[in-house]
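>
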Amino acid sequence: MNYSKVFLCSILVFFVAQEVQSLHKRCIRCRSRGELGTCGDPFPINVTETVVEQGLHVVACPSGWCGKLIEGTVGTFRSDDYGAATERMCLQRAPSDYEERCAYTMWNRKKVYMCFCNGDLCNSAVGISTYPLLLAALALIPLYKYYF
């Protein structure tokens, strides 16, 4: 058996799978304020049930980059405020360094906590998605059988 052909075919399948996955990236789009909102953390809704929740949308995201923004901190608001606001969105473009991360930043002249992630519905989770790493590991399993 020609191992180089098997190796090349496996690599090709991996890259085609990655490209197909990137064509169908979606993000959660919502905004809520306070502990009772449907957009906060932990995200209370299974993303397959988003059709039934008012104000919660699954949207196509051409850039493939989703974001989560938390404005304010619970406990620091005056009595006329409603608590921390959480917003989930599709980003128009990727961060300049193409890195997934969470950090404090300035947004509309306010200090906010913002997370960037790249992946299908990745902003529905608290952490950053590890799906591409899992896909890469699964693609390498056939190579292990042929070489070892």
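Quick note on numbering: the sequence shown equals residues -22 to -1, 1 to 126 in mature numbering (1 follows the signal peptide of the UniProt record, and there is no 0). Here a beta-carbon is modelled for each residue, glycine too, at the ideal position from N, C-alpha and C.
1) Can the beta-carbon of C17 be found less than 7 angstroms from the beta-carbon of N101?
2) For S10, write down the residues that DSSP places opposite it in a beta bridge.
3) Count the other C-beta atoms from every protein chain shown that fall within 10 angstroms of the C-beta of S10, then say buried if there are 16 or more, exposed otherwise.
4) I want to check one thing, is the minimum distance from the CB of C5 to the heavy atoms of the ligand ADP below 6 angstroms?
5) Just to confirm my understanding: we take L47, look at its own chain, exclude 5 residues before and 5 after, and list those with CB closer than 6 angstroms. What are they?
6) Measure the C-alpha to C-alpha separation of G15 and W85 and round it to an integer number of angstroms.
7) To the nearest angstrom, how far is it from the Cα of S74 to the Cα of C39?
8) Could you tell me the distance, in whole angstroms, from the CA atom of C80 to the CA atom of K88?
9) Taking only runs that begin and end inside the segment 66 to 99, name each unbroken beta strand (DSSP E) of 3 or more residues, in chain order.
10) Are C5 and V37 close, meaning C-beta to C-beta below 7 angstroms?
11) In three-state DSSP terms, what is K(-18)?
12) Start and end of the beta strand (DSSP E) containing L34?
13) Taking only the alpha-carbon atoms, compute the straight-line gap between Q32 and A62 and give it to the nearest angstrom.
14) For C95 and G12, what's the separation of their Cα atoms in angstroms?
15) Considering I48, what are the terminal residues of the beta strand (DSSP E) in which it resides?
Quick answer:
1) no
2) T64
3) buried
4) Looking for the ligand ADP in the displayed structure turns up nothing, as the structure carries no ligands at all.
5) E65, V90 and M92
6) 21 angstroms
7) 17 angstroms
8) 16 angstroms
9) 79 to 85 and 88 to 96
10) yes
11) helix
12) It is not in any beta strand (DSSP E) - L34 carries neither H nor E in the DSSP assignment.
13) 19 angstroms
14) 23 angstroms
15) W43 to E49
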